[in-house]
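Visitor: Quick note, the sequences are listed as chains V, L and A, same order.
All letters in the first sequence, in the order written, are residues 1 to 174 by this note's numbering.
All letters in the second sequence, in the order written, are residues 175 to 531 by this note's numbering.
All letters in the third sequence, in the order written, are residues 532 to 783 by this note's numbering.
Glycine included, every Cβ here is placed at the ideal spot set by N, Cα and C.
Only a predicted model underlies this, so the values are computations on that prediction, with no experimental measurement involved.
Shown below is the structure under consideration.
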Amino acid sequence: MNILLAGFGGQGVLFAGKVMAYSGLLEEKYVSWLPSYGPEMRGGTANCSVCISDQPIGSPLVLNPDVLIAMNLPSYDKFIDAVVPGGIAVIDSSLINKKCTRTDIQCFYVPATELADEKGLHGLANNIIVGKVLKETGFAKTETVEAAMAKCVPAKKQHLLEPNINAVKLGMSL
Amino acid sequence: MASSQKVLMKGNEALAEAAIQAGCRHFFGYPITPQTEVAAYMAKRMPKIGGTYLQAESEVAAINMVYGASSAGVRAMTSSSSPGISLKTEGISYLAGADLPCLIINVQRGGPGLGGIQPSQADYWQATRAPGHGDLHILVFAPATIQEMVDLVFDAFELADTYRMPAMILADGMLGQMMEPVIFPEKQVTPIDKSGWATTGTQCQRPHHVTNSLFLQPDQLEQKVVERFERYAQIQEKHTRCEEYLTEDAEYVVVAYGATARIARSAVNAAREQGIKAGLIRPITLWPYPSAAISAAVDRGAKGFLSVEMSMGQMVDDVRLAVNGRAQVAFFGRTGGIIPTPAEVLEHIQKLAGGER
Amino acid sequence: MAVVYQRPHSLIDIPTHYCPGCTHGIIHKLVAQAMDDLGVEGKAVGVAPVGCSVMAYDYFNCDMLEAAHGRAPAVATGLKRALPDNLIFTYQGDGDLAAIGTAETVHAATRGENITVIFVNNAIYGMTGGQMAPTTLPGQVTQTTPYGRDIHTAGFPIRVCEMLSTLSGVAYAERVAVDTIPNIRKAQAAIKKAFTCQLEKKGFSIVEILSTCPTNWGLSPKEALQWLRDNMMPYYPLGVYTDRTEKGVRPE
């Protein structure tokens, strides 16, 4: 499965990608995670490619994703047409007010940023969307994603583990 | 492979951790994208294990600090990306001329000049032809996965120490920035005895050691260089490495290294699905170059070779030398930081195959 | 019969390649004598420069390295980090230290790198045949300043001790000369003090030594010594520029 996650810097798309990749690792899959990198550290666009596969991964750069996570309008505009036919797109509808006209892909509109604020999960819109992707694709077992989250949340920030997992669960309930 | 030992790690950080595990306690660096995580990782870890992390005033200073530390007999390294490697070439030449081992990492980016910061393989000529002035070679390793990066760091230090010469890991921005699962080998590093030449102080017990690359008498200098090339010949014989994939019956062989080899492998698979007998030769050492493997593929009946690179065509020179006019040699590359796609490579395999039919 | 004077053990007993009247020989002897006096020959490692003293590694009995032009302080830094308890010194000329190697010099100093720099300033590039150095005096004629150093086009000479004395990492900086017996004695004391400073881990130390180049100055050795006194000393005053040897550059 080739996943492309895209948004603004600071929205946690790189982190969300890492959680997905780690989940694949814990299930003994071949995985890769490749970030875009550039001079803009904050506020600019950020995206990352994640591959989870039963076969060794060739190019880790995802140009045509099976799953697109779009967390801002520029990313949506840039990548929505690149999704492979039959693929899915999960779109943060709090920040993207467009509806996709493609009929060969499935789109899910999740007001993740608003939901995160409402539910006291500020800044965790990324993981709400991971939860939604998990529900729609089953890229890993739920408990694996929780274990992966524990690996990805830094030791010094373990108090944030529970809210992160709650965000995933919230996404799965949508 | 138990998944508990496996960690998801960025290439740059994996390089740094591998170096530490290989016994390196002296790192001298300077920040440059896209390799900065190597330095950052070292800055974090070295103080905790009694090692040295030193941010030098320049790339030039960093490589000369490596020269000093290596002369003292310790495993020393530096890391940079293309423009910084150009600055280090002076020091690399002196290290080679003084028979000092060390590890240099080049996480390549686009050039020339400041170029860009996206992945590139445009320093192939520099690494394999002229890593410094004078008659010299350095060991050049080209990993294609994060796991291989780790494994090659151990090998690079060991061969550098054994043959007393600099070794380079030639990576690129993609390998440096990407994460993959990696397992660190639980290797016991056996230190190589350097007491016969290291400048650690005579203790007034032996004649003084001199680390030097200056030989003003031409016959002396020639002798030094010839001896060094005799060692190079041994290395070519014993330590040339490549991976072959589906080459046994291949009519069309893609030659690619590092990140590009991953893409080429996907394209080779796709070509096979279309009935084209394609294969892949992936050089793991760029110096010494696996010319024999390429030549053997010609002997087995390969009709065409395609060198795929993130450059305007540098390694293709070595493919041509190995093929020596006995088969067609084609080239496909992207440059400036653009990563070729499997579809583009497939197209060029088809073109090569089609031209023969 | 009592021996009252002999070659220091740290100096190898072979003829040097230096020109007649050159003061490098005296300075080599002073460095070697300091190692003997402090009993550190066995743990000393020296770094030779590119310049007239490029082959200094042939003359000292301690372990030696030859560095690329200007890079001796970086090389010494690498050595020192690997061998913190050894005595590490560089021996550099003015072109090496104050032109091509300025960055390495300044940064080794500001890091408070615990090394000693022996800086031989003779206001000219000797080995390449007498070209302008960063320390060539205004008006001084060299091969590349045939009409005298013109401050309008070639700028001003660098005063190294004064410049480095502004840096917090410098524990000891002194300028001496080797033109007379009393000055040679002072130079000897300065080198010993700098080495001691390093052995006590006080920080970066440098001894700048005003030296002559009779060959390229076009003077007899005796005239050269007088030229040094008349021209160099006024521009480069002798004396101690920094002395933090008591508490060191990083007091607790």
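Which value, in whole angstroms, describes the spacing of the CA atoms of L/F389 and L/V181?
Guide: One-based indexing of the second sequence puts residue 389 of chain L at position 215. One-based indexing of the second sequence puts residue 181 of chain L at position 7. Near 49 angstroms, if we compare the C-alpha coordinates of L/V181 and L/F389.
Visitor: By DSSP, does L/M489 sit in helix, in strand, or in coil?
Guide: What you label residue 489 of chain L is simply residue 315 of the second sequence in a count that begins at 1. Correct three-state label for L/M489: coil.
Visitor: What is the DSSP secondary structure of L/C198, reduced to helix, strand or coil?
Guide: The residue given as residue 198 of chain L occupies position 24 in the second sequence. If DSSP states are grouped into helix, strand and coil, L/C198 belongs with coil.
Visitor: Return the Cβ separation of A/V707 and A/L769 in integer angstroms, given the expectation that the two are a contact with Cβ distance under 8 angstroms.
Guide: Start at 1 with the first residue of the third sequence, and residue 707 of chain A comes out as number 176. Start at 1 with the first residue of the third sequence, and residue 769 of chain A comes out as number 238. So it is a contact: roughly 6 angstroms between Cβ atoms.
Visitor: Kindly list the residues whose CB is nearer than 6 angstroms to the CB of L/L228, restricted to its own chain and excluding five residues on each side of it in sequence; keep chain order.
Guide: Indexing the second sequence from 1 puts residue 228 of chain L at position 54. The residues are F202.
Visitor: So V/H23 and V/F139 are in contact, right, with Cβ under 8 angstroms, and what is the actual spacing, rounded?
Guide: For this step, residue 23 of chain V is matched to residue 23 along the first sequence. For this step, residue 139 of chain V is matched to residue 139 along the first sequence. Correcting the residue type first, residue 23 of chain V is Ser in the shown sequence and not His. About 7 angstroms; that satisfies the 8 angstroms criterion.
Visitor: In the stretch 605-622 of chain A, which residues sit with their C-beta less than 7 angstroms from some C-beta in chain L, listed in chain order?
Guide: Result list: A605, V606, A607, T608, G609, L610, R612, A613, L614, N617.
Visitor: Go ahead and pull the three-state DSSP assignment for V/F108.
Guide: By one-based count along the first sequence, residue 108 of chain V stands at place 108. Note: V/F108 maps to strand in three-state DSSP.
Visitor: Starting from A/E597, follow its DSSP beta bridges and name the residues at the other end.
Guide: Looking up residue 597 of chain A in the third sequence gives position 66. A/A579, per the DSSP bridge assignment.
Visitor: Is it true that the CB of L/G287 sits closer than 9 angstroms to the CB of L/G510?
Guide: As a position in the second sequence, residue 510 of chain L is number 336, starting the count at 1. As a position in the second sequence, residue 287 of chain L is number 113, starting the count at 1. No. Outside cutoff.
Visitor: Between L/G306, L/G197, L/E354, L/D492, which has its C-alpha nearest L/A430's C-alpha?
Guide: The sequence position of residue 430 of chain L within the second sequence is 256, counting from 1. Among L/G306, L/G197, L/E354, L/D492, the Cα nearest to that of L/A430 is on L/D492.
Visitor: Hey, quick one: how far does the alpha helix (DSSP H) through A/N747 stretch, first residue to last?
Guide: As a position in the third sequence, residue 747 of chain A is number 216, starting the count at 1. Element bounds for A/N747: 745-748.
Visitor: Identify which residue in A/T641, A/K733, A/G670, A/P677 has its Cα closest to the Cα of A/P688.
Guide: Locating residue 688 of chain A in the third sequence gives position 157, where the first residue counts as 1. Answer by Cα proximity: A/G670.
Visitor: Just to confirm my understanding: we take L/M323, look at its own chain, exclude 5 residues before and 5 after, and list those with CB closer than 6 angstroms. What are they?
Guide: Sequence index remark: in the second sequence, residue 323 of chain L carries index 149 (1-based). The residues are G185, A188, L189, P317.
Visitor: Please look up how many angstroms separate the CB atoms of L/S254 and L/N238, rounded, as I've assumed it's under 8 angstroms.
Guide: Locating residue 254 of chain L in the second sequence gives position 80, where the first residue counts as 1. Locating residue 238 of chain L in the second sequence gives position 64, where the first residue counts as 1. Not quite, the Cβ-Cβ distance comes to about 13 angstroms (not below 8 angstroms), so this is no contact.
Visitor: Does the beta-carbon of V/S32 have 16 or more other beta-carbons within 10 angstroms, so that it is buried, or is it exposed?
Guide: Here residue 32 of chain V is taken as the residue at index 32 of the first sequence, counted from 1. The residue is buried, with at least 16 neighbouring Cβ atoms inside 10 Å.
Visitor: Express the C-alpha separation of L/G242 and L/Q394 in angstroms, rounding to a whole number.
Guide: Numbered from its first residue, the second sequence carries residue 394 of chain L at position 220. Numbered from its first residue, the second sequence carries residue 242 of chain L at position 68. Their backbone Cα atoms lie some 24 angstroms apart in a straight line.
Visitor: Using a 10 Å radius around the Cβ and a threshold of 16 neighbouring Cβ atoms, would you call A/Y678 buried or exposed?
Guide: Along the third sequence, read from residue 1 onward, the residue named residue 678 of chain A stands at position 147. Classification of A/Y678: exposed, given that the 10 Å Cβ count is below 16.
Visitor: Of all Cβ atoms in chain L, is any one closer than 9 angstroms to the Cβ of V/S59?
Guide: Position 59 of the first sequence, counted from the first residue, corresponds to residue 59 of chain V. It does; some Cβ of chain L falls within 9 angstroms.
Visitor: Using only alpha-carbon positions, find the residue among A/P713, A/N652, A/V738 that is nearest to A/F726.
Guide: Working through the third sequence from its first residue, we reach residue 726 of chain A at position 195. Of A/P713, A/N652, A/V738, the residue nearest in Cα terms is A/V738.
Visitor: If contact means a Cβ-Cβ distance below 7 angstroms, which residues of the stretch 257-284 of chain L contact chain A?
Guide: Listed by position along the chain: E264, G265, Y268.
Visitor: With 16 as the cutoff for other CB atoms within 10 Å, does L/E404 come out buried or exposed?
Guide: Within the second sequence, the letter at position 230 stands for residue 404 of chain L. Result: exposed.
Visitor: Consider the Cβ of L/S177: report whether some Cβ of chain V lies at a distance smaller than 9 angstroms.
Guide: Translated into positions along the second sequence, residue 177 of chain L becomes position 3. Summary for L/S177: the model assigns pLDDT 43, below 50, so the residue's position carries little reliability; its value from the coordinates is reported in the next sentence. With 9 angstroms as the cut-off, L/S177 counts as an interface residue toward chain V.
Visitor: What is the DSSP secondary structure of A/F650, counted as helix, strand or coil?
Guide: Taking the third sequence and counting its residues from 1, the one referred to as residue 650 of chain A is at position 119. Here A/F650 sits in strand by DSSP.
Visitor: Give every residue of the same chain whose Cβ lies closer than 6 angstroms to the Cβ of A/V576, excluding the five residues on either side of it in the sequence, and list them in chain order.
Guide: Residue 576 of chain A sits at position 45 when you count from the first residue of the third sequence. The residues are D594, L610, N617, I619.
Visitor: Name the chain A residues that come within less than 8 angstroms of L/Q377, Cβ to Cβ?
Guide: Here residue 377 of chain L corresponds to residue number 203 of the second sequence, with the count starting at 1. The answer, in chain order, is G573, K574.
Visitor: Along the chain, where does the alpha helix (DSSP H) that runs through A/G700 open and close?
Guide: The residue given as residue 700 of chain A occupies position 169 in the third sequence. Neither: A/G700 is in no alpha helix (DSSP H) and is coded neither H nor E.
Visitor: Relative to the C-alpha of V/Q11, which candidate in V/V67, V/N72, V/S36 has its C-alpha closest?
Guide: The sequence position of residue 11 of chain V within the first sequence is 11, counting from 1. Nearest of V/V67, V/N72, V/S36 to V/Q11, Cα basis: V/N72.
Visitor: Starting from A/E597, find everything on chain L with Cβ-Cβ shorter than 9 angstroms and list it in chain order.
Guide: Taking the first residue of the third sequence as position 1, residue 597 of chain A is located at position 66. Simply Y268, A272, V384, T385, N386, S387, L388.
Visitor: With a threshold of 9 angstroms between beta-carbons, can V/V31 be considered close to chain L, or not?
Guide: Residue 31 of chain V sits at position 31 when you count from the first residue of the first sequence. Output row for V/V31: interface = yes.
Visitor: Go through the stretch 618-672 of chain A residue by residue and report every complete run of the alpha helix (DSSP H) that reaches 4 residues or more, in order.
Guide: The stretch 618-672 of chain A contains these whole alpha helix (DSSP H) runs: 633-641.
Visitor: With DSSP as the reference, label L/I206 as helix, strand or coil.
Guide: Locating residue 206 of chain L in the second sequence gives position 32, where the first residue counts as 1. L/I206 falls in the coil class under three-state DSSP.
Visitor: Shorter than 9 angstroms from the beta carbon of V/G38 to some beta carbon of chain L?
Guide: As a working mapping, residue 38 of chain V is identified with position 38 in the first sequence. V/G38 counts as touching chain L.
Visitor: So for A/R690, helix, strand or coil by DSSP?
Guide: Indexing the third sequence from 1 puts residue 690 of chain A at position 159. Looking at A/R690 - three-state DSSP - the assignment turns out to be coil, as it is neither helix nor strand.
Visitor: Between which two residues does the alpha helix (DSSP H) harbouring V/C152 extend?
Guide: Counting from 1 along the first sequence, the entry for residue 152 of chain V is found at position 152. Note, V/C152: alpha helix (DSSP H), 142-152.
Visitor: Using a Cβ-Cβ cut-off of 7 angstroms (strictly less than) and excluding sequence neighbours within five positions of A/T673, which residues of its own chain qualify?
Guide: Taking the third sequence and counting its residues from 1, the one referred to as residue 673 of chain A is at position 142. Once the five neighbours on either side are set aside, the close Cβ partners of A/T673 are I655, G661, Q662, M663, T667.
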